[in-house]
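Trainee: Please see the structure below; I have some questions.
Number of protein chains: 4
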Amino acid sequence: MDITNTNPGSNRRLRGGIVGGGRGAFIGAVHRIAVELDGQAQVVAGAMSSTAETARTSAEDWFLSRWYDDFETMAQQEAAREDGIDFVMIVTPNHLHAKAAKAFLRAGIHVMCEKPLAFTVEEAEELAAVARESRVLFGLTHTYTGYPAVREARQMVLDDELGEIRKVLVEYQQDWLMDAVEEDPEAKQAQWRVDPECAGISCCVGDIGSHAANLVEFVTGRNIASICADLTAFVPGRLLDDDANMLLRLQGGGKGTLTCSQVACGEENNLSLRVYGSKGGLEWHQQEPNTLIFKPAGQPWQYLRTSVSLKSVAAAEVTRTPGGHPEGYLEAFANLYRLFLADVRRFIDGTPPVGGYPSIDEGVHGMRFIARAVESSNANSSWVEV
Amino acid sequence: MDITNTNPGSNRRLRGGIVGGGRGAFIGAVHRIAVELDGQAQVVAGAMSSTAETARTSAEDWFLSRWYDDFETMAQQEAAREDGIDFVMIVTPNHLHAKAAKAFLRAGIHVMCEKPLAFTVEEAEELAAVARESRVLFGLTHTYTGYPAVREARQMVLDDELGEIRKVLVEYQQDWLMDAVEEDPEAKQAQWRVDPECAGISCCVGDIGSHAANLVEFVTGRNIASICADLTAFVPGRLLDDDANMLLRLQGGGKGTLTCSQVACGEENNLSLRVYGSKGGLEWHQQEPNTLIFKPAGQPWQYLRTSVSLKSVAAAEVTRTPGGHPEGYLEAFANLYRLFLADVRRFIDGTPPVGGYPSIDEGVHGMRFIARAVESSNANSSWVEV
Amino acid sequence: MDITNTNPGSNRRLRGGIVGGGRGAFIGAVHRIAVELDGQAQVVAGAMSSTAETARTSAEDWFLSRWYDDFETMAQQEAAREDGIDFVMIVTPNHLHAKAAKAFLRAGIHVMCEKPLAFTVEEAEELAAVARESRVLFGLTHTYTGYPAVREARQMVLDDELGEIRKVLVEYQQDWLMDAVEEDPEAKQAQWRVDPECAGISCCVGDIGSHAANLVEFVTGRNIASICADLTAFVPGRLLDDDANMLLRLQGGGKGTLTCSQVACGEENNLSLRVYGSKGGLEWHQQEPNTLIFKPAGQPWQYLRTSVSLKSVAAAEVTRTPGGHPEGYLEAFANLYRLFLADVRRFIDGTPPVGGYPSIDEGVHGMRFIARAVESSNANSSWVEV
Amino acid sequence: MDITNTNPGSNRRLRGGIVGGGRGAFIGAVHRIAVELDGQAQVVAGAMSSTAETARTSAEDWFLSRWYDDFETMAQQEAAREDGIDFVMIVTPNHLHAKAAKAFLRAGIHVMCEKPLAFTVEEAEELAAVARESRVLFGLTHTYTGYPAVREARQMVLDDELGEIRKVLVEYQQDWLMDAVEEDPEAKQAQWRVDPECAGISCCVGDIGSHAANLVEFVTGRNIASICADLTAFVPGRLLDDDANMLLRLQGGGKGTLTCSQVACGEENNLSLRVYGSKGGLEWHQQEPNTLIFKPAGQPWQYLRTSVSLKSVAAAEVTRTPGGHPEGYLEAFANLYRLFLADVRRFIDGTPPVGGYPSIDEGVHGMRFIARAVESSNANSSWVEV
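Structural data, given as structure tokens:
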């Protein structure tokens, strides 16, 4: 069945576009693998770089049918084609997210956007207004909520298996910025991450602390109400934080800590969560994502395992392999797209969307979290409401 | 760039076919994901079931362009098309592997085949002869050799980081056959696995013991020379083994044990390997595949990690994500296809193949291993040469 | 060689006394095992309970030669005997520590005291003055510093293997107070812990947070400079905290978090420490105490193991068994006594003490830490200097 | 209460003697710590070396009241004293176990003996006859059965929580003999272990394989019925095995493997056991002894923990610390003595012994296991009955 199939219905491979992700970028390839993993969609068009040559060669690497030098043109032309893209993936540096997303929303093309949603809270709120007005779908790739074990954890909280939530401990530790790697001219990733012009007001909290906060909120089903933050730039000369520690208070009474770092020597991508309630506890580590530790009060710890002992529908619908065949980061990413593409099909076929992937509201809230963390830290770690 | 592109060269998405893997089969979807993961190929045609209706609906599920009721027809017609498939994936039950493979080899279509290679040693040897004659490519999906950490382990042995190999301990434990699940009419997987007509002379050794043996041989670079085996069918009424224990002697002097089971209560897919040499030891667990434990003599254990501390080119060329973004079973599978597809491109472009994926020779050797294990067990666990 | 041996020198088993630890108490037996483990001392006298009957029966259980109804009498009479005790162990509830310790210090008998040192900062400072004046030995059982791996960690920091200390993450989680167990009339332990009259101004921070703080300070060799604390009593009706979260700033620039809880469902005695520096990281878990994880920059994690790969003299002098023969909590406790008894021998023989066990200064500092945590929490988590 | 107390009853510290364990020996100190740990006994006399000077200095190190140059004299003189020893601990090299044990048995003194019981099967059987005749108590220190988690495991099998036992996997890996360390004149331990004159017919199987076999039999409650063994001396010039692999068949139908090594590079003292039944599985690792993994069919793995979730009386009676305060090797050792000393008290007080520690029958069986392993290996790994 041809990818250019122009049947009115959704019974075909969906067509995707990409903005950003040209040669040298890591996250572009991840989005492509993720969106295509289940064979439900194919990326056919892209504006992968603002440099025309890179835009072309990157598109050729991926065997794309069409490429563009700029996303505005892409949005207009794709919207006009009968076999144009159904959705677009935005994977540029942070400062372009909102601009690119708006172009496609206004062209009536569904958007899946990398986090953080925008450059500032204001821009995020404005984008949210545009998205609401556009009436098309908008998703945000808070990847880590895509893991089956994380979805099970959320369901267990919803089912009151933990009781009253008392304590949450979340962390996200890396070490890739522990030295001044941004001084290497080749280190594009590091350069824009530590550059306030591209990354915004925060490096570490913006890039990974926001994932940690989102994970807490997703699993507990309650937002972080207020924070008391201490942000630091440990590497001399750095303008943005590369480390942060926070006290948390959740809506509804739980308390805890959030700690994140890009200078934690020896850590790769250690996102970990513990939740303690009055009836049970949970523990999950992203680096061994197929295990969810459940600690029911007065009983032995249970090691729940993807495909084997996760019980929820929410976990089952994002699981592909039998027990003991480990799934990883790419599958978690693909899970968000699986849910998003199902909504795209529903949209095409005129049925209401179901969701299940992070929404623009979470994106706006995430921007607020970043802004409030910086604010608290600047105010000598005073409590600040999110 | 269209999948029907008929350019003479390989600068396009390659076209794949599939035999077997219809609705209800697990491994078909795995092969599809694996072969398409890197965006280098697309499955376009299939003979996914011997039942015409299932063949059609399975193909439609996958948006295939063409489907067939039988693999003979498929081989001939695809070979005749200008935009026919470049390669085929054989994912039927064991007793059809050789027959299907031969059809495509004779049609000049490259083959990637599920293991075990064939139904008997004789059939395997005959298939190997056909493959040699055909001059096209033949690969075997001994999946577990696709993991970066396993490739690193092999390289470390080659680089003499372990010294003289003294002891190997390999195991593969599952529990999915611990009860008589084959009595459930829906349990197609279980039924053919325990049926001598479909599975051959062994269930447990054939299905998973052979993976364990292959893993030892791949990592140590030396074949199992002789075995002393004790096979058992623990579940009453079962005709084939569901458990086995073996003593091993390697070519070149190392010794060890291989133990496998499908009735090991609580085990999912626990394939684990330890190798001990005169200078160092190695340990790897498939269920946490991104860690390779290295035990250099007189020094602390080192936890080598995918993308971070694996040093070999062999590991690097099959790695997709940065450190701490776990890769799993599907990626390992995709790695074999990555190497196979690179050879398909080389073939198209007239350059010699490079290999790196399991070959038909390993397939024949694997069949011998299974036969010898049964023979030893029947001879009161006498030593038998492989 | 008889325990009543009155040779002037130290070439004999030393004689110990105990205050507190009567039937039903847990920690008394631990002290007895710990002090006697190396065969260097024997407990011969005790004032194990303020109830005469319990004092007698408890002493009989232990085959003590002498028992007393009150510690004042014990101090005086033991000091007067030729074969009197060389040292005393204070294991009462918190509010009696200082009173009992003073009685023995003034009688010229060496003291090993349970933590926290005293009931208030003032009382602690006063006791420190008495101790200084007495010129006899004073030790404090911050048990967890007794583990070989912890001593190695400290030495590694001293040897600059971690570089500049940037981040510390310490936690101490338990769940034994997650319900209102103090309402059970039999639960003596729980009752005094949550009673401000016996425990002081804090339950959780006083009991276990103080261990966590001491561990950070012991390993990093630098004191906690200031804290920003959020203490909570989660169980309704409780007057003292059963949970706390804190931001930390160390003297010399490191930052971090300390979190402790007695309501963390499923946790037993999870004291864990991570330290991240500019050159390396360290990780240690009390529940698996024989492993120290070292994370040198740019290299694989190393699992250092007691007796095998700990390199320091500090670790070696507190190790008893060969590699892989796990040592635990009782041995860690015994290690503090091993060092303390060596000083007692030195004292008897007229040579200067060497130390190595927690001193009264750490005890006073620990009391300040508890007081400042409460103060910060009461001031809406403001930064407070320790 | 004085250790020389000559009350007729048992209400006093019991008096122990030791044969062997002089300066430089590791295991002597372990026995002393173990027997004294609970304050129920004290070692007062010893024949710690066949060299008079070492016998004296070793005894002085331990503050013993009496020492002897030879165990015969010791047995006679201690039996004659009113305040003589109640029991003796035999910790010599293997070839002296039986001789020393007989001397004390004939003197009516209870014996706790290191394993293996004797030098040959014949000597073991003869010793068993002497022990039976003597009517005094005899225990054997198969240490690893002293762990609470191991006792829980045994009880779970007895309670049919595992169902029919199908598969056992036991291993004991070390690396201390991976080089020819016996060539170092200081390496007394290594020298006698590899010397057939002192160690007997086997090094690795005799020293540690026998522990592994005992552990399987203790936990499953069934003996090893037959074995198929492959013993190797990997280090050139060594006369006895330093490695072994075996197939096992248990009485009652279970099968499995036993593998042990003293040349497994990087292993410390890795004794591990897995048992798989028709209803559940168990897993235990001596190096992390406070966790017992339970794998009930169709449910998540449960991590049972010492003091917290071990349910049996058998575990509880050998547990000293609350949850999360790890117990280790010395405590496991002390547990055997705790049970043995309780029997000594019963004996003194005229009540029947209860047991619970390894008996002389297990000792004889263990000797047979060693002999049969060597026999099978010499017969080209034929099945041999134990």
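Residue numbers (my numbering), protein chains in the order written: chain X, 1 to 386; chain A, 1001 to 1386; chain U, 2001 to 2386; chain V, 3001 to 3386.
Idealized CB from N, CA, C, for every residue including glycine.
Since this is a predicted model, take the numbers as computed values, not measurements.
How should residue 218(X) be labelled, buried or exposed, when 16 other C-beta atoms within 10 angstroms of its C-beta is the threshold for buried?
Mentor: Residue numbering aside, residue 218(X) sits at position 218 when the first sequence is read from its first letter. Residue 218(X) should be labelled buried.
Trainee: Using 8 Å as the limit for Cβ to Cβ distance, is residue 3259(V) near chain U?
Mentor: What you label residue 3259(V) is simply residue 259 of the fourth sequence in a count that begins at 1. No, its Cβ sits nowhere closer than 8 Å to a Cβ of chain U.
Trainee: Which residues in chain A have a C-beta closer than 8 Å to the C-beta of residue 2329(U)? List them in chain order.
Mentor: Taking the first residue of the third sequence as position 1, residue 2329(U) is located at position 329. Neighbours of residue 2329(U) on chain A: none; closest Cβ ~24 Å, over 8 Å.
Trainee: Quick one: residues in its chain with C-beta nearer than 8 Å to the C-beta of residue 2382(U), no 5 flanking neighbours on either side, listed in chain order?
Mentor: As a position in the third sequence, residue 2382(U) is number 382, starting the count at 1. Around residue 2382(U): 2228, 2376.
Trainee: With distances taken from CA atoms, which of 1211(A), 1028(A), 1006(A), 1147(A) is nearest residue 1338(A)?
Mentor: Counted from its first residue, the second sequence places residue 1338(A) at position 338. Ranking the options by Cα distance to residue 1338(A), first place goes to 1147(A).
Trainee: Please compile the residues from chain V whose C-beta is within a distance smaller than 7 Å of the C-beta of residue 1232(A).
Mentor: For the purposes of this step, residue 1232(A) is identified with residue 232 of the second sequence, where counting begins at 1. Per Cβ cutoff of 7 Å: 3255.
Trainee: Using only the alpha-carbon positions, how far apart do residue 1009(A) and residue 1349(A) sit?
Mentor: By one-based count along the second sequence, residue 1009(A) stands at place 9. By one-based count along the second sequence, residue 1349(A) stands at place 349. Those two C-alpha atoms are separated by around 6 Å.
Trainee: Taking the straight line between their C-alpha atoms, what separation do you get for residue 180(X) and residue 62(X)?
Mentor: Here residue 180(X) corresponds to residue number 180 of the first sequence, with the count starting at 1. Here residue 62(X) corresponds to residue number 62 of the first sequence, with the count starting at 1. Those two C-alpha atoms are separated by around 33 Å.
Trainee: Assign residue 1161(A) to one of three DSSP states: helix, strand, or coil.
Mentor: In the second sequence, counting from the first residue as 1, residue 1161(A) sits at position 161. Correct three-state label for residue 1161(A): coil.
Trainee: Please list, in chain order, the chain V residues whose beta carbon lies closer than 8 Å to that of residue 1266(A).
Mentor: Residue 1266(A) sits at position 266 when you count from the first residue of the second sequence. Going along chain V in sequence order, the residues near residue 1266(A) (Cβ under 8 Å) are 3276, 3280, 3281, 3295, 3296, 3297, 3301.
Trainee: Quick check: what's the CA-CA separation for residue 1083(A) versus residue 1104(A)?
Mentor: The residue labelled residue 1083(A) in the question sits at position 83 within the second sequence. The residue labelled residue 1104(A) in the question sits at position 104 within the second sequence. For residue 1083(A) and residue 1104(A), the distance between alpha carbons rounds to 16 Å.
Trainee: Quick check on residue 1309(A) - is its C-beta less than 8 Å from some C-beta in chain U?
Mentor: The residue you call residue 1309(A) lines up with position 309 of the second sequence. Yes, its Cβ sits closer than 8 Å to a Cβ of chain U.
Trainee: Tell me the DSSP bridge mates of residue 67(X)?
Mentor: Translated into positions along the first sequence, residue 67(X) becomes position 67. Per DSSP, 46(X).
Trainee: What residues in the region 2201-2231 of chain U bring their beta carbon closer than 9 Å to a beta carbon of chain X?
Mentor: 2228, 2229, 2230
Trainee: On the three-state DSSP scale, how would you describe residue 284(X)?
Mentor: What you label residue 284(X) is simply residue 284 of the first sequence in a count that begins at 1. Reduced to three states, the DSSP call for residue 284(X) is strand.
Trainee: What would DSSP say about residue 2334(U), mapped onto helix, strand or coil?
Mentor: On the third sequence, residue 2334(U) is found 334 positions in, with the first residue counted as 1. Correct three-state label for residue 2334(U): helix.
Trainee: Assuming residue 3019(V) and residue 3088(V) form a contact by the criterion Cβ under 8 Å, report the distance between their Cβ atoms to the nearest whole angstrom.
Mentor: The count along the fourth sequence starts at 1 and reaches residue 3019(V) at position 19. The count along the fourth sequence starts at 1 and reaches residue 3088(V) at position 88. That belief holds up - the Cβ atoms of residue 3019(V) and residue 3088(V) are roughly 6 Å apart, short of 8 Å.
Trainee: With distance defined between alpha-carbon atoms, name the residue in 36(X), 80(X), 81(X), 262(X) nearest to residue 177(X).
Mentor: As a first step, residue 177(X) must be located in the first sequence, where it is residue number 177. The shortest C-alpha to C-alpha distance from residue 177(X) to any of 36(X), 80(X), 81(X), 262(X) is the one to 262(X).
Trainee: For residue 1127(A), count neighbouring Cβ atoms within 10 angstroms of its own Cβ and tell me buried if that reaches 16, exposed if not.
Mentor: Along the second sequence, one-based indexing puts residue 1127(A) at 127. Buried: at least 16 other Cβ atoms inside 10 Å.
Trainee: Any residues in the region 3148-3182 of chain V with a beta carbon nearer than 7 Å to a beta carbon of chain X? Which ones, in chain order?
Mentor: Close to chain X, meaning a Cβ-Cβ distance shorter than 7 Å, is no residue of the region 3148-3182 of chain V at all.
Trainee: Report the residue ranges of all beta strand (DSSP E) runs contained in full by the region 2121-2195 of chain U; include only those spanning at least 3 residues, in chain order.
Mentor: 2138-2140, 2165-2173
Trainee: Residues in the region 3028-3041 of chain V with C-beta within 9 Å of chain U's C-beta atoms, listed in sequence order?
Mentor: Hits within the stretch, in order: 3029, 3030, 3032, 3033, 3036, 3037, 3038, 3039, 3040.
Trainee: Please classify residue 370(X): does DSSP put it in a helix, a strand, or coil?
Mentor: Position 370 of the first sequence, counted from the start, is the residue given in the question as residue 370(X). Note: residue 370(X) maps to helix in three-state DSSP.
Trainee: Do residue 3030(V) and residue 3330(V) have their C-beta atoms closer together than 8 Å?
Mentor: Here residue 3030(V) is taken as the residue at index 30 of the fourth sequence, counted from 1. Here residue 3330(V) is taken as the residue at index 330 of the fourth sequence, counted from 1. Yes, Cβ-Cβ distance for residue 3030(V) and residue 3330(V) is below 8 Å.
Trainee: Can you name the residues of chain A whose CB is closer than 7 Å to the CB of residue 270(X)?
Mentor: Translated into positions along the first sequence, residue 270(X) becomes position 270. Here the neighbours are 1324.
Trainee: Going by the beta-carbon positions, is the gap between residue 2245(U) and residue 256(X) smaller than 8 Å?
Mentor: The residue given as residue 2245(U) occupies position 245 in the third sequence. The residue given as residue 256(X) occupies position 256 in the first sequence. Closer than 8 Å, so yes.
Trainee: So residue 3240(V) packs on residue 3202(V), CB below 8 Å; how close in whole Å?
Mentor: Locating residue 3240(V) in the fourth sequence gives position 240, counting from the first residue. Locating residue 3202(V) in the fourth sequence gives position 202, counting from the first residue. Rounded, the Cβ-Cβ distance is 6 Å, consistent with contact.
Trainee: At the 8 Å Cβ level, is residue 62(X) part of the contact set with chain A, yes or no?
Mentor: What you label residue 62(X) is simply residue 62 of the first sequence in a count that begins at 1. By this cut-off, residue 62(X) is an interface position.
Trainee: Under the rule that 16 or more other beta-carbon atoms within 10 Å means buried, what is residue 1354(A), buried or exposed?
Mentor: Position 354 of the second sequence, counted from the first residue, corresponds to residue 1354(A). Result: exposed.
Trainee: Roughly how far, in whole angstroms, is the beta-carbon of residue 1366(A) from the beta-carbon of residue 1213(A), given that I think they are within contact range, below 8 Å?
Mentor: Against the second sequence, residue 1366(A) aligns to sequence position 366. Against the second sequence, residue 1213(A) aligns to sequence position 213. With 8 Å as the limit, residue 1366(A) and residue 1213(A) qualify as a contact, their Cβ atoms being about 7 Å apart.
Trainee: Taking Cβ to Cβ, would you say residue 2165(U) is nearer than 8 Å to residue 2250(U)?
Mentor: As a first step, residue 2165(U) is located in the third sequence; it is residue number 165 there, counting from the start. As a first step, residue 2250(U) is located in the third sequence; it is residue number 250 there, counting from the start. Taking 8 Å as the Cβ cut-off, residue 2165(U) and residue 2250(U) qualify as a contacting pair.
Trainee: Could you tell me whether the region 3037-3045 of chain V touches the region 3109-3123 of chain V, where touching means 3 or more Cβ pairs closer than 8 Å?
Mentor: no
Trainee: Looking at the structure shown, is residue 3232(V) part of a helix, part of a strand, or coil, going by DSSP?
Mentor: Taking the fourth sequence and counting its residues from 1, the one referred to as residue 3232(V) is at position 232. Of the three classes helix, strand and coil, the one that applies to residue 3232(V) here is strand, per DSSP.
Trainee: Is the beta carbon of residue 185(X) closer than 8 Å to that of residue 1289(A)?
Mentor: As a first step, residue 1289(A) must be located in the second sequence, where it is residue number 289. As a first step, residue 185(X) must be located in the first sequence, where it is residue number 185. For the pair residue 1289(A) and residue 185(X), the CB atoms are not nearer than the 8 Å cut-off.
Trainee: Which residue's Cα is closest to the Cα of residue 2114(U): 2124(U), 2071(U), 2094(U), 2107(U)?
Mentor: Counting from 1 along the third sequence, the entry for residue 2114(U) is found at position 114. Out of 2124(U), 2071(U), 2094(U), 2107(U), 2094(U) has the C-alpha closest to the C-alpha of residue 2114(U).
Trainee: Considering only their Cβ atoms, is the gap separating residue 1173(A) from residue 1267(A) smaller than 8 Å?
Mentor: Residue 1267(A) sits at position 267 when you count from the first residue of the second sequence. Residue 1173(A) sits at position 173 when you count from the first residue of the second sequence. A contact, by the Cβ cut-off of 8 Å.
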